[in-house]
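Engineer: Here's a structure for you.
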């Protein structure tokens, strides 16, 4: 990607593997980076603390927005603790972790925040490579949203999605290339059960993370053995 | 417009002239109508009470969403009471009543609410005829937003904007055609100073409303005199 070494970026940071990798990716490509964390009655308010800690380690300013309003919108298992979380995606609909319009609300709030700061670059860790069934993680949605944001605020925002076409193995590889593999492995929280680093190991999120990690470590050891890195 | 007499609509209702006219417009075109009011630290929390009263008079269900988060985003004179409101639009920028992304956030929240209710028709009173300088009132923005909403939630929402090409005079005319001229004139709150019906008379919103009203009443009396209505 072309660097924007004279411009700042705002990174949506949740404290998970993907957004943390994006934070360090942005630090490499922009003049300065700020982190925006949006809380919304997640199962684990610990996520916010993790995100803040990661921002501190990366030495970037951290801002928290409370979007509790999202819990008022529609029943889902990420905000309604009385619901059991789907282990897998139902064949005929979305998983009950689907919060309708979540990424659209997040990115619009991020753009409004960036507008006030005079920042036009937004970075988000959405990906359709390990497509979970969420329509608002797709590239086509992000492109449409980018246009809508620009029309809404009469600005030229650029939404960056460095992970869009990377599967979890490739996200691990990117964090290694950025020199932050250990930080991402040990400090991020991806697990639905709120356990940091390698997590509980059996929730859908942990399974996906672990599978990608194992694939990447295997690939890397093959390359090391062959003397290629 | 084609009627959708077998389908419901969700109307964004603020309690002002425009959204109230839209509420009655929707009652004529859809099977059933629901009102959604979004509060966000407006200057006048009275607006919410006015909106609720109007929904009761129209016999439609009323839901309130508290989007106080909007006040956290950027300084503007609608949410920050320490700021003096611009009387006119500055030549080189937007009026300081501009809340970046406001309509985008409102319509995304409305769509997420509609999604949970199984409703696909959204009605909003935005207009570019009496264009106030807000980019998120333009037709091109609404069309882009509609596409983004549909991609985000994988639904076919239809955003209706019955006032898009009507100036204030024509909005008064529409309310008369719908048989609710008196309700709109006497029960709605448009005034920035929180005075119901004809308002304070000197804020920008009152001036615009009054100018349109006088133009419509003049036109109507001409037609009446000529025996045309």
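Protein chains in written order, with the working numbering: chain V, 1 to 229; chain A, 1 to 229.
C-beta atoms are modelled at their ideal positions from N, C-alpha and C, and glycine is treated no differently.
All values reported here derive from a predicted model rather than from experimental measurement.
At the level of alpha carbons, what is the spacing between residue 228 of chain A and residue 219 of chain A?
Structural biologist: 11 Å
Engineer: Taking residue 215 of chain V as part of the alpha helix (DSSP H), name the residues at either end of that continuous run.
Structural biologist: 204-225
Engineer: Tell me where the beta strand (DSSP E) around residue 64 of chain V begins and ends.
Structural biologist: 62-66
Engineer: Cβ atoms of residue 223 of chain V and residue 169 of chain V: under 9 Å apart, would you say?
Structural biologist: no
Engineer: Taking the alpha-carbon positions, what's the residue 200 of chain A to residue 161 of chain V distance?
Structural biologist: For residue 200 of chain A and residue 161 of chain V, the distance between alpha carbons rounds to 49 Å.
Engineer: Assuming contact is defined by CB atoms lying nearer than 9 Å, are residue 67 of chain A and residue 105 of chain A in contact in what I supplied?
Structural biologist: Against a cut-off of 9 Å, the Cβ pair of residue 105 of chain A and residue 67 of chain A comes out as a contact.
Engineer: Should residue 6 of chain V be labelled buried (16 or more other beta-carbon atoms within 10 Å of its own) or exposed?
Structural biologist: Residue 6 of chain V counts as exposed, since fewer than 16 other C-beta atoms from the protein chains shown sit within 10 angstroms of its C-beta.
Engineer: Residue 12 of chain V to residue 20 of chain A, Cα distance in whole Å?
Structural biologist: 37 Å
Engineer: Could you give the first and the last residue of the continuous beta strand (DSSP E) run that contains residue 144 of chain A?
Structural biologist: In the DSSP annotation of this structure, residue 144 of chain A is not part of any beta strand (DSSP E); the continuous alpha helix (DSSP H) holding it starts and ends at 139-153.
Engineer: Would you tell me roughly how many angstroms separate the C-alpha atoms of residue 196 of chain V and residue 149 of chain V, rounded to the nearest one?
Structural biologist: 34 Å
Engineer: Give me the subset of the stretch 146-158 of chain A whose CB atoms are less than 8 Å from a CB atom of chain V, sorted by chain position.
Structural biologist: 147, 148, 149, 151, 152, 153, 154
Engineer: Could you tell me whether any Cβ in chain A is nearer than 9 Å to the Cβ of residue 109 of chain V?
Structural biologist: yes
Engineer: So, is residue 186 of chain V buried or exposed, given that buried needs 16 or more other C-beta atoms within 10 angstroms?
Structural biologist: exposed
Engineer: Counting only Cβ pairs nearer than 9 Å, list the residues of chain V close to residue 195 of chain A.
Structural biologist: Result: empty, since nearest Cβ-Cβ is about 29 Å, beyond 9 Å.
Engineer: Tell me the residue span of the beta strand (DSSP E) that contains residue 5 of chain A.
Structural biologist: It spans 4-12 - the beta strand (DSSP E) in which residue 5 of chain A sits, taken as one unbroken run.
Engineer: Could you confirm whether any beta carbon from chain A is found closer than 9 Å to the beta carbon of residue 136 of chain V?
Structural biologist: yes
Engineer: In angstroms, rounded to a whole number, what distance separates the CA positions of residue 70 of chain V and residue 221 of chain V?
Structural biologist: About 43 Å.
Engineer: What residues of chain V sit near residue 101 of chain A, judged by a beta carbon separation below 9 Å?
Structural biologist: 108, 109, 111, 112, 115, 149, 152, 153
Engineer: Taking DSSP as the reference, what is the three-state secondary structure of residue 197 of chain V?
Structural biologist: coil
Engineer: Using a threshold of 9 Å, state whether the C-beta atoms of residue 159 of chain A and residue 123 of chain A are closer than that.
Structural biologist: yes
Engineer: Does the count of Cβ pairs from the stretch 33-40 of chain A and the stretch 51-66 of chain A closer than 8 Å reach three?
Structural biologist: yes
Engineer: Determine the direct distance from the alpha carbon of residue 172 of chain A to that of residue 51 of chain A, and round the result to whole angstroms.
Structural biologist: 18 Å
Engineer: For residue 23 of chain A, which three-state DSSP category applies?
Structural biologist: Residue 23 of chain A falls in the helix class under three-state DSSP.
Engineer: In chain order, what residues of the same chain have a beta carbon less than 7 Å from the beta carbon of residue 16 of chain V, not counting five sequence neighbours either side?
Structural biologist: 188, 189, 190
Engineer: Are there 16 or more other CB atoms within 10 angstroms of the CB of residue 56 of chain A, so buried, or fewer, so exposed?
Structural biologist: exposed
Engineer: Can you give me the Cβ contacts of residue 235 of chain V inside the same chain, cut-off strictly under 8 Å, excluding the 5 residues immediately before and after it?
Structural biologist: Residue 235 of chain V is absent from the structure shown; chain V starts at 1 and stops at 229.
Engineer: Using a Cβ-Cβ distance under 9 Å, would residue 67 of chain V count as near chain A?
Structural biologist: Yes - at least one Cβ of chain A is within 9 Å of the one on residue 67 of chain V.
Engineer: Please identify the residue among A:40, A:9, A:48 whose C-alpha is closest to the C-alpha of residue 29 of chain A.
Structural biologist: Residue nearest to residue 29 of chain A within the set A:40, A:9, A:48 is A:9 (criterion: CA-CA distance).
Engineer: Output yes or no for whether 9 Å exceeds the beta carbon distance between residue 108 of chain V and residue 73 of chain V.
Structural biologist: no
Engineer: DSSP state of residue 38 of chain V, grouped into three classes?
Structural biologist: strand
Engineer: By Cβ distance, which residues of its chain are closer than 6 Å to residue 127 of chain V, with the 5 residues on each side in sequence left out?
Structural biologist: 163, 164
Engineer: Looking at chain V, is there any beta carbon in it that lies within less than 9 Å of the beta carbon of residue 140 of chain A?
Structural biologist: By this cut-off, residue 140 of chain A is an interface position.
Engineer: Any beta carbon of chain A sitting closer than 9 Å to that of residue 104 of chain V?
Structural biologist: yes
Engineer: Measuring alpha carbon to alpha carbon, tell me which residue in V:157, V:54, V:206, V:140 is nearest residue 115 of chain V.
Structural biologist: V:157
Engineer: Could you give the distance in angstroms between the alpha-carbon of residue 125 of chain A and the alpha-carbon of residue 22 of chain A?
Structural biologist: Spanning the two alpha carbons is a distance of roughly 6 Å.
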